[in-house]
Amino acid sequence: MANTPKTTASTDAIQLLTADHKEVKALFKAYEQLVEAEGDDEEKQQLALEICTKLTVHATVEEELFYPAARDVLEDDEDLVDEADVEHACAKDLMAQIMQSAPEDPLYDAKVKVLGEYIDHHVKEEEGEMFPKIKKSDLDVEALGEEMAQRKEELLAEMEEAQ
Numbered sequence: 003m004a005n006t007p008k009t010t011a012s013t014d015a016i017q018l019l020t021a022d023h024k025e026v027k028a029l030f031k032a033y034e035q036l037v038e039a040e041g042d043d044e045e046k047q048q049l050a051l052e053i054c055t056k057l058t059v060h061a062t063v064e065e066e067l068f069y070p071a072a073r074d075v076l077e078d079d080e081d082l083v084d085e086a087d088v089e090h091a092c093a094k095d096l097m098a099q100i101m102q103s104a105p106e107d108p109l110y111d112a113k114v115k116v117l118g119e120y121i122d123h124h125v126k127e128e129e130g131e132m133f134p135k136i137k138k139s140d141l142d143v144e145a146l147g148e149e150m151a152q153r154k155e156e157l158l159a160e161m162e163e164a165q
């Protein structure tokens, strides 16, 4: 059983999302370094594809599971979830543009950079405003985290099959 899932029963929903945030931030940093080093276009495209794939899975898990649960417990702060939904829509639009273009496109690097800035803003709002309020709520973040981890594995497997 050397190939066990990356998640454990102790991974709560907020820990899972925060780990995703850190992983994607590192990918954006790697992309930025590649641009500064005038790196290979194929490497840039592979890294941009990885960023978009991880963000797609992350956003899907949030939209299907986390946000509905958050909306239920954040009755007075539903605007936080509304804003997050709008931020996801903007990010998805930019990801679609990135996926439909190539590094030779003069705006390719700018699109990836702006996507990184959108995501950075989104992460700061989630981690700074939404997550603390959810931690104080009665939401079972452990059970939700298990459900989210399972869904994340399913989505990653589906995306691997599609490639």
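In this text, residue positions in the sequence shown follow the numbering used here: the first is 3, and each later residue adds one. Even glycine gets a Cβ: it sits at the ideal position worked out from N, Cα and C.
Bounds of the alpha helix (DSSP H) holding residue 163 are 143-164.
With a minimum length of 4 residues, the unbroken runs of alpha helix (DSSP H) contained wholly in the stretch 63-109 fall at 69-75, 80-101. Going by C-alpha positions, residue 61 is about 10 Å away from residue 91. Annotated as proximal: residue 71 and residue 141, with beta-carbon spacing under 8 Å.
Here the stretch 118-128 does not lie against the stretch 38-52, with fewer than 3 beta-carbon pairs under 8 Å apart. When C-alpha distances from residue 114 are compared across 80, 154, 93, 136, the shortest belongs to 93.
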